[in-house]
Amino acid sequence: MKRRYRLRKRRDFERLYQQGRAFVHPLVVLRVAPNPVGYPRIGVTASRAVGKAVQRNKVKRRLREIMRLRLPRLAPAYDYWLIARPRSAHASYWDLDAAVEALLQQAGLLAPPPGQET
Numbered sequence: 000m001k002r003r004y005r006l007r008k009r010r011d012f013e014r015l016y017q018q019g020r021a022f023v024h025p026l027v028v029l030r031v032a033p034n035p036v037g038y039p040r041i042g043v044t045a046s047r048a049v050g051k052a053v054q055r056n057k058v059k060r061r062l063r064e065i066m067r068l069r070l071p072r073l074a075p076a077y078d079y080w081l082i083a084r085p086r087s088a089h090a091s092y093w094d095l096d097a098a099v100e101a102l103l104q105q106a107g108l109l110a111p112p113p114g115q116e117t
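0 is the number of the first residue of the sequence shown in numbering that gives the first Met the number 0; add one for each residue after it.
Right, dumping it as structure tokens:
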């Protein structure tokens with residue numbers, strides 16, 4: 000994912016925590032808030048409750064890839080923060096994919112896939 004689409008600053012995460020809306024799934028939490036830059040930015044975190052560093056990094060890589068593939072369908076001018084929950088360490092890629100899809104649909108910030116407009 001290109002650098003411009005990444006959330007990296009502490010103040011951005013704090014703003015999302017204070018002002019963002021949260022959507023919860025057993026595997027992942029999604030926090031979203033409008034941003035001033037006009038394009039989507041994505042942050043992914045995993046606490047030590049998820050597991051050791053290797054497990055946390057694996058989950059974060061999977062979540063970043065899931066969001067990268069959805070980047071063209073994401074609502075612009077929003078920040079997205081995915082927070083891995085402890086059960087995500089034992090989930091398959093496809094389970095995480097379904098969880099993220101469900102959260103984005105619940106938030107109403109995901110356009111339908113090309114060819115499936117309703």
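Beta carbons are placed, not taken as given, at the ideal position from N, Cα and C, and that holds for glycine.
{"Check": "Reference Tyr92; option with closest CA among Arg30, Arg60, Gln115, Leu29", "Outcome": "Arg60"}
{"Check": "With 16 other Cβ atoms within 10 Å as the buried cut-off, status of Val43", "Outcome": "buried"}
{"Check": "Length at least 3, wholly inside the segment 8-63: the beta strand (DSSP E) runs in chain order", "Outcome": "20-23, 27-33, 40-45"}
{"Check": "Inter-residue Cα distance where the pair is Ala74 and Gln105", "Outcome": "13 Å"}
{"Check": "Endpoints, the alpha helix (DSSP H) within which Ala98 is located", "Outcome": "92-106"}
{"Check": "Minimum C-alpha distance to Leu109 - residue among Arg69, Val58, Ala97, Phe12", "Outcome": "Arg69"}
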